[in-house]
Amino acid sequence: MNTTTNTATNAATNEATSTATNTTTNAVTNTATTTTPKKPVTITTIKDMKQKGEPITMITAYDVAMARNVNEAGIDMILVGDSLGNVILGYQSTIPVTMEEMIHHTKAVVRGNSTALVVADMPFMSYQASLTDGLYNAGRLLKETGCTAVKLEGGQEVCELVHKLTTAGIPVVAHIGLTPQSVNQLGGFKVQGKEVAAAQQLLADAKALEAAGAFACVLECVPAALAKKVTDELITMATIGIGAGNGCDGQVLVCNDLLGISTGFTPKFVKQYANLHDITVNAVKDYIKDVKERSFPAPEHTFKIDDSVLEKLY
23 MNTTTNTATN AATNEATSTA TNTTTNAVTN TATTTTPKKP VTITTIKDMK
73 QKGEPITMIT AYDVAMARNV NEAGIDMILV GDSLGNVILG YQSTIPVTME
123 EMIHHTKAVV RGNSTALVVA DMPFMSYQAS LTDGLYNAGR LLKETGCTAV
173 KLEGGQEVCE LVHKLTTAGI PVVAHIGLTP QSVNQLGGFK VQGKEVAAAQ
223 QLLADAKALE AAGAFACVLE CVPAALAKKV TDELITMATI GIGAGNGCDG
273 QVLVCNDLLG ISTGFTPKFV KQYANLHDIT VNAVKDYIKD VKERSFPAPE
323 HTFKIDDSVL EKLY
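Numbering (this note's numbering), first residue to last: 23 to 336.
Right, here's the structure in full:
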C-alpha cells in the first residue's frame, strides 16, 4: 500500500518537475528567440553575406516612419534614393533633386533607423563637375546625416572619385546599367547591356569599380544572365539588382512600388506586395463619411470636463 502510494507520488512529482522544467526551458528559449535584437549591418556584414551567398535585402525609404517600419521588418540596407524626386516631391525625373533635399530626407531616415545600413544617393551634378565637388558633397552627406555610405552612378569614368572617397573613409555603392541621372543621354529608360559591346563595357565597369574600392554596386535594368555573369566575376563587391534577375547578390526596390502606394506606371521588374493606395483612399473616405455624419469623434475619442466648471462660465 505504501509502496504503491510512494511510487505514484514519485511519478507524479517527477512528471510535474519534468513538465515545469520543460515549460521553463521553452519559455526561456522562446523569450531568447523573440527578444534577440538584430545586430547592426555594417560594410563587413555585406561583404560577408556576398562570400556566404546570403541574399542581401535593400529598400528605399525617405522618412522616419518608413525607416522604422522597414527596420522592424529586418531589412539589411536602406537606400535614401534620389528617386524621392519622383515619388515624394513630384518631379518628372531625379535630375532636379538637390543636395539639400537629399540631406533633409536622409537625416529623417537615419533618425528612424536602428540596424540597417543606410546609403544616401549623391544627386545629379553633386559629383560630376569635379573630384573636389564629389569629395566635398559626399563628406557633407556622411557628416550632416549620419548615413554609412553614398551611392553614385557611373562606370570607369567615376572610378577615380570612388578611389578618393574610399581612401578618405567614405564607403561607396556604385550604380551601373540603367542610370536614371543619365536618362537623357541614354535615350530613355531602356534595358542596358543587350549588345556585345555594351555587355563587355558593363562587365569592365563593374570590375573597375570593384578595384576602385566600391563595396557594392546596383545593377539596374540589365539582362538576368549578364547580371549573373557580372556577379560571378566579382570577388568582393556585392551586386544589388533591380530589374536584373535573381542571380545578383541582393535586390532593391522602391518602397512606394513594393507597397503599392504610387499609382500609374509600374515597371516590369516590380512585384507589388500590398496595395496601400486603395487602403489609404478607402480609410480617408471612411473618415470623411464619419465626420460628415458627426459619428466621429465618438465619446471614446473625447475629453471630459466637470459640469461645475462649465456652469461658472455662464
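Beta carbons are placed, not taken as given, at the ideal position from N, Cα and C, and that holds for glycine.
All of these numbers come straight from a predicted model, not from anything done at the bench.
Quiz prompt | Member of G286, A171 and V119 whose CA lies at the smallest distance from the CA of P193 | solution = Along the sequence shown, read from residue 1 onward, the residue named residue 193 stands at position 171. Taking only the C-alpha atoms, the option nearest P193 is A171.
Quiz item: With 16 other CB atoms within 10 Å as the buried threshold, where does K293 fall?
Solution: For the purposes of this step, residue 293 is taken as the residue at position 271 of the sequence shown. Exposed: under 16 other Cβ atoms inside 10 Å.
Practice problem: Inspect the CB distances between the stretch 93-110 and the stretch 178-191 and report whether three or more fall short of 8 Å. | Solution: With contact defined as three or more Cβ pairs closer than 8 Å, the stretch 93-110 and the stretch 178-191 are not in contact.
Practice problem: Decide if A54 is buried, meaning its Cβ has at least 16 other Cβ atoms within 10 Å, or exposed. | Solution: As a first step, residue 54 must be located in the sequence shown, where it is residue number 32. Only weak support exists for where A54 lies, its pLDDT of 40 falling under 50; the value from the coordinates is given anyway. By the 10 Å Cβ count, A54 comes out exposed.
Quiz item: Which term fits N268, buried or exposed, when burial requires 16 or more other beta carbons within 10 angstroms of its beta carbon?
Solution: Reading the sequence shown from its first residue, position 246 is the one you call residue 268. Classification of N268: exposed, given that the 10 Å Cβ count is below 16.
Quiz item: Do I68 and A266 come within 8 Å of each other at the CB atom, strictly closer than that value?
Solution: Stepping through the sequence shown from its first residue, residue 266 is reached at position 244. Stepping through the sequence shown from its first residue, residue 68 is reached at position 46. No, Cβ-Cβ distance for A266 and I68 is not below 8 Å.
Quiz item: Does the beta-carbon distance from K61 to T128 come in below 8 Å?
Solution: What you label residue 61 is simply residue 39 of the sequence shown in a count that begins at 1. What you label residue 128 is simply residue 106 of the sequence shown in a count that begins at 1. No, the Cβ-Cβ distance between K61 and T128 is not below 8 Å.
Exercise. Indicate whether V240 and K290 have their beta-carbon atoms separated by less than 8 Å.
Key: Here residue 240 corresponds to residue number 218 of the sequence shown, with the count starting at 1. Here residue 290 corresponds to residue number 268 of the sequence shown, with the count starting at 1. No.
Quiz prompt | Cβ separation of V140 and C169, assumed to be a contact under 8 Å, to the nearest whole Å | solution = Mapped onto the sequence shown, residue 140 falls at position 118. Mapped onto the sequence shown, residue 169 falls at position 147. Contact flag correct, Cβ pair sits at about 4 Å.
Quiz item: Expressed to the nearest angstrom, what Euclidean distance is found between the alpha-carbon atoms of E315 and V306?
Solution: Taking the first residue of the sequence shown as 1, we reach residue 315 at position 293. Taking the first residue of the sequence shown as 1, we reach residue 306 at position 284. Roughly 14 Å separates the two Cα atoms.
Self-check item: Beta-carbon spacing of H299, T285 below 8 Å
Solution: Numbered from its first residue, the sequence shown carries residue 299 at position 277. Numbered from its first residue, the sequence shown carries residue 285 at position 263. In this structure, T285 lies closer than 8 Å to H299 by Cβ.
Quiz item: What's the C-alpha gap between T57 and G272?
Solution: Here residue 57 corresponds to residue number 35 of the sequence shown, with the count starting at 1. Here residue 272 corresponds to residue number 250 of the sequence shown, with the count starting at 1. Confidence at T57 is low in this model, with a pLDDT of 47, below 50, so the placement of that residue should be treated as unreliable; the coordinate-derived value is given next. Taking the straight line from one Cα to the other gives about 26 Å.
Quiz item: Alpha carbon to alpha carbon, how far is A260 from K326?
Solution: The count along the sequence shown starts at 1 and reaches residue 260 at position 238. The count along the sequence shown starts at 1 and reaches residue 326 at position 304. A260 and K326: Cα-Cα distance of roughly 59 Å.
Practice problem: Have a look at A95 and A151 and give me their C-alpha separation to the nearest angstrom. | Solution: As a first step, residue 95 is located in the sequence shown; it is residue number 73 there, counting from the start. As a first step, residue 151 is located in the sequence shown; it is residue number 129 there, counting from the start. Whole-angstrom Cα-Cα distance: 39 Å.
Practice problem: In angstroms with no decimal places, state the Cα-to-Cα distance between A236 and G134. | Solution: On the sequence shown, position 214 is the one that residue 236 refers to. On the sequence shown, position 112 is the one that residue 134 refers to. The alpha-carbon atoms of A236 and G134 are separated by roughly 26 Å.
Practice problem: Consult DSSP for E37 and reduce its assignment to one of helix, strand or coil. | Solution: Residue mapping note: residue 37 aligns to position 15 of the sequence shown, counting from 1. Note on E37: pLDDT 46, under 50, position unreliable in the model; the coordinate value appears next. The answer is helix: DSSP assigns E37 an H, G or I state.
Quiz item: Can you tell which of C243, A220, P321 and Y295 has the C-alpha that lies nearest to the C-alpha of P202?
Solution: Locating residue 202 in the sequence shown gives position 180, where the first residue counts as 1. The residue with the shortest Cα to Cα distance from P202 is C243.
Exercise. Flag this pair as touching only if the stretch 154-170 and the stretch 204-223 have three or more C-beta atom pairs under 8 Å; answer yes or no.
Key: no
Self-check item: Start-end ranges of the alpha helix (DSSP H) lying completely within the stretch 227-315, minimum 4 residues
Solution: 246-255, 277-280 and 298-314
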